[in-house]
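Let me begin by presenting the structure, written as structure tokens, before commenting on it.
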Amino acid sequence: MISVVIPTLNAAARLADCLSALVPAAVDAIVREVVLVDGGSTDETLDIAEDAGAKLIRGEPGRGRQIAAGCAAARGDWLLVLHADTVLDPDWAPQAALHSQRRGEQRAAYFRFALDDPAAIARVWETGVALRCALLALPYGDQGLLIPRATLEAVGGYRPLPLMEDVDLVRRLGRSRLVGLPARAVTSAERYRRDGYPRRSLANVALLARYLTGTPPERLARDYG
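In terms of the numbering used here, the sequence shown opens at residue 1106 and continues consecutively.
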């Protein structure tokens, strides 16, 4: 069975939808527990988590640190790390179950990136993400990551980084230990709509380039805001 780990910080706007998408899998005993690790929310995040019956851990902010704490507290042999503003499509659970129950399976799996925006430019960005995953084997955390605990421990787990903890981990996993699942992970397009798709897209590419060329994640986190 799968333990879901969700890092949060003032995530009330989308958290209820994120958690609701996990309910059918919990009913079918695919999801064993939901571990929510909060970094100091001042909105209704904690109330939503408690109402949903999630296991709640409070700690210092920093997504890598929060995820690591959640994985340590989770009981499942498979871990699904999920962002609070990401909503999985209904068909995610049978696909995840099939992957995790496959004999000898030790690869991590990620979902197909999608945005909750009907605009055509959102489809262009989704296609770009699909190409990045296919060519570079570089899915991001907003696609979810379903990973065997043994594999996570073998590569050293999540590092306590404030940003780029997802890129850091999948680079250590490498292409041979990653596989894409066809179910969509639908992520909030709020930042893209607010900043404009071209500006936000260029900012994301620049952020990745700075990280890959050695800029410390702490500095990137300050710039990212």
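Glycine residues also receive a C-beta, built at the ideal position from the N, C-alpha and C atoms.
DSSP-derived helix/strand/coil call for residue i
{"i": "Arg1299", "result": "helix"}
{"i": "Leu1268", "result": "coil"}
{"i": "Arg1137", "result": "strand"}
{"i": "Gly1249", "result": "coil"}
{"i": "Arg1217", "result": "strand"}
{"i": "Ser1108", "result": "strand"}
{"i": "Val1260", "result": "coil"}
{"i": "Leu1187", "result": "coil"}
{"i": "Gly1181", "result": "coil"}
Counted within 10 angstroms of its Cβ, other Cβ atoms place residue i as buried (16 or more) or exposed
{"i": "Gln1211", "result": "exposed"}
{"i": "Leu1236", "result": "exposed"}
{"i": "Gln1353", "result": "With the chain covering only 1106 through 1330, there is no way to say anything about residue 1353."}
{"i": "Asp1133", "result": "exposed"}
{"i": "Glu1270", "result": "buried"}
{"i": "Gly1233", "result": "exposed"}
{"i": "Ser1205", "result": "buried"}
{"i": "Asp1195", "result": "In the sequence as presented, Asp is not what sits at residue 1195; that position holds Pro. By the neighbour-count rule (16 or more Cβ atoms within 10 Å), Pro1195 is not buried but exposed."}
Close-in-space but distant-in-sequence residues of the same chain around residue i (CB under 6 Å, 5 per side omitted)
{"i": "Val1197", "result": "Reading off the sequence shown, one finds Trp at residue 1197, where the question assumed Val. For Trp1197, where only same-chain residues beyond five positions count, the Cβ hits under 6 Å are Ala1288."}
{"i": "Gly1144", "result": "Leu1114, Pro1166, Gln1171"}
Residue nearest to residue i in terms of C-alpha spacing, selected from the options
{"i": "Leu1278", "options": "Val1234, Thr1113, Arg1299, Tyr1245", "result": "Tyr1245"}
{"i": "Val1294", "options": "Leu1184, Gly1285, Arg1228", "result": "With the sequence shown as reference, residue 1294 is identified as Ala, and Val is not the correct amino acid for it. When only C-alpha atoms are compared, the closest one is Arg1228."}
{"i": "Asp1152", "options": "Ala1117, Gln1200, Thr1292", "result": "Ala1117"}
{"i": "Tyr1297", "options": "Glu1323, Ser1281, Glu1231, Val1284", "result": "Glu1231"}
{"i": "Gly1167", "options": "Leu1220, Ile1111, Val1192", "result": "Ile1111"}
Residues near residue i in its chain [Cβ-Cβ closer than 8 Å; skip 5 each side]
{"i": "Leu1243", "result": "Arg1237, Val1272, Val1275, Arg1276"}
Residues that residue i bridges to, as DSSP identifies them
{"i": "Thr1147", "result": "DSSP output for Thr1147 lists no bridge partner at all."}
{"i": "Thr1113", "result": "Asp1143"}
{"i": "Val1291", "result": "Val1192, Ala1219"}
{"i": "Ile1162", "result": "Val1142"}
7 Å CB neighbourhood of residue i in its chain, flanking five on each side removed
{"i": "Thr1147", "result": "Asn1115"}
{"i": "Ala1179", "result": "Ser1108, Val1110, Glu1138, Val1140"}
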